[in-house]
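So the sequences go chain by chain: A and B. Start counting the first sequence at 1; every next residue gets the next number (the working numbering). Start counting the second sequence at 639; every next residue gets the next number (the working numbering). Every residue, glycine too, gets a C-beta built ideally from N, C-alpha and C. Just so you know, these numbers come straight off a predicted model, no measurement behind them.
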Amino acid sequence: MVTHPDRTEPLRIHGVHYLNARPLWQAFADGAVTMSREHRLVLAAPAEVARAIAEGDADVALLPVAAAASIGGLELVPGSAIGADGPVRSVAIFGERPLDQLDTIALDLSSRTSVVLARLVLAARGLRPRLVGATAAEALSRVGGATGALAIGDAALAVEGRFAHTLDLAAAWKELTGLPFVFAAWFARPGVLAAGDGEAFTAAKGYGLARVAELAAEHAEAHGLDAASLTSYLQDSLRYDLDAPALRGLGEFFARAASARQLPRSAPSTVTAPVATGPQHAESLDRLLSRAADGDRLSGAEGVRLLREAPLFDLGLAADAVRRRKHPHGVVTYIVDRNVNYTNVCTTSCRFCAFYRPVGHAEGYVLSREELAEKLSEVVRAGGVQILLQGGLNPDLRLSWYEDLFRWMKREFALGLHALSPEEILHLARIEELDVRAVLERLRAAGLDSVPGGGAEILVDRVRRRIAKAKCTSEEWLGVMRVAHHMGLRSSATMMYGTTDTPEDRVQHLLKLRELQDETAGFTAFFCWDYQYEKGTRIAPGDGGTQLYLRTQAVSRLMLDNVDHVGASWVTQGPAVGQVALRFGADDFGSVMFEENVVSSAGTTFGVDAREIERRVREAGFRVARRDVRYAWLTEPS
Amino acid sequence: MLDSIRDKVRRGERLDAADALALFCEPDLLAVGALANEVRERMHGDRAFFNRNMRVEVTNVCVASCLFCSFAKLEADSPGAHTMTLEDAWRELEVRMDDPPGEVHIVNGLHPGLPFTYYEELLRGFKRIKPDVHLKCFTAVEIQFFADHYGMTVTDVLSRLREAGLDSMPGGGAEIFHPDVRSRISHDKATGQQWLDVHREAHAMGMRTNATMLYGHIETFEHRVDHLMRLRELQDRTGGFQAFIPLAFHPDGNGMKNLPAPTAVDDLRTVAVSRLVLDNFAHIKSYWVSSTPKIAQVALRFGADDIDGTIVHETIYSAAGSTSPSGLAYDELVRLIREAGRIPIERDTLYNVLREHPRAALPEAAAKVRDRERPKAKRRLPVTDAAADVAVDSTKESSPW
Ligand code: SF4
Ligand code: SF4
């Protein structure tokens, strides 16, 4: 995702701190490289390096190739890479039985490139084991019987020879294609490198490779490993050249991954024009849109391009095509539930929020059991199936208060409990000094059914810090969802755009959701809306408009190829726009909430509202059904 | 069917009644919209028109009893009935003379007790206050009523009113022309044929007029098609219509309150089909007061090229803030159009360009033209339709899911 390069600032080079990447960046760390301008090196884990270049915080990054493809629009720096031509040792599937006898493989999800490679290799062998995500340690601890594990990096090296069977994935790739495999390479934002800078990276590689033994020894000592084995790993197993065979291997990987809808298809253009300097929009918008409509995975750069340039109708038609493929029955769902805000006392003071009151404020409230009972009874009487329970971060309410509340609710009312956004869960973890999993376990034991996706706003920290300084970071938000999903809880995902965010930020948000969804498949649905300016908020109103809403929803439908449902946010956009949005990729009308203020101000009852919603859905050309929180139909579509 | 219609449209061929009906029945709303947008962009590029106007209703007393009307009162002394004195009517303009609208738009009930000179004086008075103000007054229904009530010919009525300052006529009162519908919803006012005849007269005198259609009540798609065809025929002969304005039926406080209002999908479809069928009308207007500002924005992609005017009413007058209310509404309209990715063009009643505003650079850039100087007070366009009543403002939670 591309912003204009500023060549007067120092070049920001981000490298992965792993040992196997060190030969490529050590020269920068040692100040042994001359470039056209000043540069500085930042080291981090692969996910953070990918985030930095995607969000414009890095100019050149040593990226796993899958991440580069997802981001899109980057230039491949020629000459160096981390790859293997044959066995690599550090990326392998381990098992106590031969591969074809495994029915489950636990995947260490820390490297998407390796996960995609594993999928491709398994598919090529006609194997379809169940793949389950896990942390590295978890994955390996499950190995036994018909369960195997994909392990990556140090974790893989550490268990070499421990299990009866090992499938080295780079070797398997070589066997499959006859080509080397490339795990990572240097990628640059277009235009940041001047002529000659490319060679500096090649020179840096030469510098590092000359010192492999030293680097291995240092690492071996620090981690108590065998230096000779590490040296051999760096020298013999890995291949640092991005030469013609390696480029062919990379191109082959991108092509196969795109056909399997694992990665965006745009990637090869970076490879065939390794030193491209111009814009990479060789593809026509029409072509891009029709690929998107067909379900090709889109890169971030492609998403931004669609958001900025694609005509409204074309976006709508493409999103509608995706909707139709995912939901060929032509049914639009809605849920009957109620949004209950149990407290408005909050310590966070987000700039876009008009709802909260600071601790001690006269208008602060916590709903009493009596008030709650009345609200919930009304929901039950009206045929509602769920309560959406959210509130401020009230320091007086402890975890036990929620547990009591949930137990009471579940005892007294037959309603689903869609409760507490990640922010509230983190808040509880903080005040109880527990980890997120422990909090979620206790809440679930007390009755929590699913987690609402609120508070995501824009999952780009630069934006979050400006609109909600005290709010959790993107990683924290995603982290809570990851834990919840791994526990089997389902959640929705949301996006609130239109504060200080750019189209690039919005697409980055979608990419982060998509990536987590690849890992957990725990998001049921996605909703977006624009920031709602009102009295009491402290951000200028956005000039979003209806077109922007429809465009954003349509692009979200196209980007989030792994999320089943997209909802029309009629509550924020109004039912008229909500109805139109059904033709822009949405298959759900969200919740027919009935809040007392809605009911009384419109002077109507719930029944009329639901009928009205149903009429609008039908008039838009769909059948309509009520659903539960997991999108199961509760009524026959009609 | 859609393919053959698309071919016709691209060849510049006229659509027939069967095509029009097929478009109304086509399930793929976006395909119809995209086609209408093609035509709209061929005619107007990215331009979208609006004007600065003000509306005056001097009386709501009306001898007719249209089923859909929640405005009229049968007797001058019925509760809620009001008739302005000439001075009161003129004052409406006088108080706005520091930032005057270019157009005064007057429509009234059919008042049985006023002399014809009242209307003549009314027009003269506005022209005295602002000689160059454009007076767009009296629907064809009113003109026909004047002719019947005061025993004159339509030509005489129009001549005398023009003499007094009438510049053009609005398009109201058309409802649905077809007698099967009209006899049920508007049995005691000008017939469809009379409505068309009045406009023909006006056009013959060199006056420009608009046309409307009230849809979404008891009429069928066939009736809508018939309505459009009759308008197109007359326009072929006179060329006097400027804009066509589809008006959605609103079931509030009237004799058809048990009917649901048409939904946004119908609103957009009707705009689109109108654009495609009325090939001899220069402009299709999505009247934001009727369709809501949000849907008017979308309509600018479904065939509409005009969203009507600032429509300053005294009710908007009370809006808080330091800028004048007409200025406020003006900016909002410009913003509305820019957000829709179009170029805002302020026009006069006859579509002369008064001011062209810069467009937003990209569809997305709309989000970047944020007016940071905007005062803190809530500044929303008044929303008159049902869309506003449902929860839109009641979601205090930042994230309802
Ligand atoms: S955390 Fe939620 S309730 Fe608290 S200020 Fe932010 S948006 Fe409002
Ligand atoms: S003629 Fe006009 S004012 Fe009179 S009842 Fe009919 S619509 Fe209402």
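- Item | Helix, strand or coil at A:E374 [DSSP, three-state] | helix
- Short CB-CB distance (under 7 Å) between A:T546 and chain B: yes
Between B:E977 and chain A, is the shortest Cβ-Cβ distance under 7 Å, so that the two count as touching? yes
- prompt: Which of the three DSSP states, helix, strand or coil, is assigned to B:L688?
  reply: Checking the displayed sequence, the identity of residue 688 of chain B turns out to be Phe instead of Leu. In this structure, B:F688 counts as strand in the three-state DSSP scheme.
query: List, in order along the chain, the chain A residues whose C-beta lies closer than 8 Å to that of B:V936?
result: Near B:V936 (Cβ distances below 8 Å), the residues of chain A are T546, Q547, L550, V577, V580.
### Message
Let's test the definition: count the other Cβ atoms within 10 Å of the Cβ of A:T671 and tell me whether it reaches 16, buried, or not, exposed.
### Response
This structure cannot speak to residue 671 of chain A, because chain A is shown only from 1 to 638.
Worksheet item: In angstroms, rounded to a whole number, what distance separates the CA positions of A:P358 and A:V345?
Response: Between A:P358 and A:V345, the C-alpha separation is close to 6 Å.
In angstroms with no decimal places, state the Cα-to-Cα distance between B:A881 and B:K923.
6 Å
| query | When burial is assigned at 16 or more other CB atoms within 10 Å of the CB, is A:P180 buried or exposed? | reply | Taking a 10 Å sphere around the C-beta of A:P180, we find 16 or more other C-beta atoms and assign the residue as buried.
Practice task
Check whether the Cβ atoms of A:M495 and A:Y531 lie closer than 7 Å to each other.
Solution key: no
Report yes if the C-beta of B:C776 is less than 6 Å from at least one heavy atom of ligand 1; otherwise report no. It should be noted that the sequence gives Phe, not Cys, for residue 776 of chain B. Flag unset: Cβ of B:F776 not near ligand 1.
Where the alpha helix (DSSP H) through A:M496 begins and ends
It is not in any alpha helix (DSSP H) - A:M496 instead sits in the beta strand (DSSP E) that spans 490-497.
- Query: Along chain B, which residues have their Cβ under 7 Å away from the Cβ of A:E619?
  - Reply: T901, V903, D904
task = Flag this pair as touching only if the region 42-56 of chain A and the region 500-512 of chain A have three or more C-beta atom pairs under 8 Å; answer yes or no.
result = yes
ask   = B:F919 by DSSP, collapsed to three states: which one?
value = coil
* Proximity below 7 Å, CB of A:C528 to CB of A:Q553 -> A distance below 7 Å separates the beta carbons of A:C528 and A:Q553.
Problem - Contact with chain B by A:T605, beta-carbon distance below 7 Å - result: Here the model assigns A:T605 a pLDDT of 39, short of 50, so the residue's position is not dependable, and the following value carries that caveat. Not an interface residue.
A:G224 at chain B interface by Cβ criterion, 7 Å = no
With which residues is A:W186 paired in a DSSP beta bridge? A:L62
task = Using a Cβ cut-off of 7 Å (strictly closer), state whether A:F313 contacts chain B.
result = yes
- Item | Residues of the region 659-681 of chain B with Cβ closer than 7 Å to any Cβ of chain A, in chain order | P665, L667, L668, G671, A672, N675
- Query: Could one say the Cβ of A:G316 lies closer than 7 Å to chain B's Cβ atoms, at least one of them?
  - Reply: yes
Practice prompt. Using alpha carbons as the reference points, say which of A:P264, A:A149, A:S229 lies closest to A:A68.
Written response: A:P264
Exercise. Please compile the residues from chain A whose C-beta is within a distance smaller than 8 Å of the C-beta of B:S939.
Key: The sequence given here places Arg at residue 939 of chain B; Ser does not occur at that position. Residues of chain A passing the Cβ test: L312, F313, Q547.
* **Delimiting residues of the alpha helix (DSSP H) encompassing A:T113** => Note, A:T113: alpha helix (DSSP H), 112-124.
Which term fits B:D645, buried or exposed, when burial requires 16 or more other beta carbons within 10 angstroms of its beta carbon?
An exposed status is given to B:D645, since fewer than 16 other beta-carbon atoms sit within 10 Å of its beta-carbon.
> Does B:T858 get closer than 7 Å to chain A when you measure Cβ to Cβ?
Replying inline: no
B:I643 versus chain A: which residues are under 9 Å apart at the beta carbon?
What B:I643 touches in chain A: nothing, since even the nearest Cβ is about 16 Å away.
Query raised in the report: ligand 2 heavy atoms versus the CB of B:A623: any closer than 6 Å?
Result: The shown model of chain B, from 639 to 1039, leaves out residue 623 of chain B, and the question about it has no answer.
On the DSSP bridge list, what partners appear for A:S349? Answer is none; A:S349 lacks a bridge partner.
* Asked: Quick one: is A:A339 buried, meaning 16 or more other Cβ sit within 10 Å of its Cβ, or exposed?
  -> According to the sequence provided, residue 339 of chain A is Asn. The question's Ala does not apply to it. Buried, by the Cβ-count rule.
Cutoff 7 Å: A:G574 Cβ touching any chain B Cβ
Taking Cβ atoms only, chain B reaches closer than 7 Å to A:G574, which makes this a yes.
Would you mind sorting A:S450 into buried or exposed? The rule is 16 or more other CB atoms within 10 Å of its CB.
buried
From the DSSP output, in three-state form, read off A:S450 for me.
strand
| task | Express the C-alpha separation of B:F815 and B:G650 in angstroms, rounding to a whole number. | result | 27 Å
Checklist entry - Which residues in chain A sit within 7 Å of B:P889, going by Cβ to Cβ distance? => result Those do not exist, as B:P889 stays about 12 Å from chain A at its closest Cβ, beyond 7 Å.
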